[in-house]
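**Student:** Protein chains in written order, with the numbering used here: chain A, 1 to 69; chain B, 101 to 169.
No residue lacks a Cβ here, since even glycine has one placed at the ideal position from N, Cα and C.
Number of protein chains: 2
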Amino acid sequence: MNNRLRVLRAERGWSQQDLAERLEVSRQSVNAIETGRYDPSLPLAFRIAELFGLAIEDVFVSPSKESAS
Amino acid sequence: MNNRLRVLRAERGWSQQDLAERLEVSRQSVNAIETGRYDPSLPLAFRIAELFGLAIEDVFVSPSKESAS
DNA sequence: ACTCGATGTGAAGGAGGCTTTACATGGAAA
DNA sequence: TTTCCATGTAAAGCCTCCTTCACATCGAGT
Chain A
1 MNNRLRVLRA ERGWSQQDLA ERLEVSRQSV NAIETGRYDP SLPLAFRIAE
51 LFGLAIEDVF VSPSKESAS
Chain B
101 MNNRLRVLRA ERGWSQQDLA ERLEVSRQSV NAIETGRYDP SLPLAFRIAE
151 LFGLAIEDVF VSPSKESAS
């Protein structure tokens, strides 16, 4: 599932480590989500969206709505 | 994580089996989510929200926003 | 050349999501 | 009572999420 995490993080000037600490997960988890190696759990998706003040749908792209470029 | 799945399902007169088929998961998965035994994956949460025409936030209650009754 | 911060990734292990099979209970209907 | 549907739950197995530890690469700065 695509997501805008890397962009949102960069807009704030945060490193993956910074973001990981705010989310209370490991840096590797942030990296894995950004690079698309796996999707976050639903509770973590909530924490991410709330941290950025967005709806989950504005951070993560529904598989059924991805454009084929 | 609390959710409104049972109510939304009942509003439509669907059995757990009906809902499971529409979501393409097992009836046991629907039951487990309704009874709070576990949270769905993020992709499944998207399918659930889209099926009901709602935002994820309108189906699942963020852990940080649950009222203590 | 050296260091240092940031990022990517691998391996191993624990917890959780999801499956199939299977069984139990309860309510409605006849 | 018997039947039938809906629901709850257990067990075993597989895959995913998330962890820690570890190592590699790259760019900036000195």
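What are the boundary residues of the alpha helix (DSSP H) that B/R109 is part of?
**Tutor:** If you number the second sequence from 1, residue 109 of chain B lands on position 9. For B/R109, the enclosing alpha helix (DSSP H) starts and ends at L105 to E111.
**Student:** Which chain A residues sit within Cβ distance under 9 Å of B/L142?
**Tutor:** Numbered from 1 along the second sequence, position 42 holds the residue referred to as residue 142 of chain B. Ordered by position in chain A, the residues that pass the 9 Å Cβ test against B/L142 are M1, D39, P40, S41, L42, L44, A45, I56 and F60.
**Student:** With DSSP run on the structure shown, which of helix, strand or coil describes B/S141?
**Tutor:** Position 41 of the second sequence, counted from the start, is the residue given in the question as residue 141 of chain B. If DSSP states are grouped into helix, strand and coil, B/S141 belongs with the strands.
**Student:** The alpha helix (DSSP H) that contains B/V159, what's its start and end?
**Tutor:** As a working mapping, residue 159 of chain B is identified with position 59 in the second sequence. That run of the alpha helix (DSSP H) goes I156 to V159.
**Student:** Of the choices B/L151, B/R147, B/S164 and B/R112, whose alpha-carbon is the least far from that of A/E50?
**Tutor:** One-based indexing of the first sequence puts residue 50 of chain A at position 50. Minimum Cα distance to A/E50 is reached at B/S164.
**Student:** Specify, as a first and last residue, the run of the alpha helix (DSSP H) that B/N102 falls within.
**Tutor:** Within the second sequence, residue 102 of chain B is the residue found at index 2, counting from 1. Secondary structure note for B/N102: it is in no alpha helix (DSSP H), with a DSSP letter that is neither H nor E.
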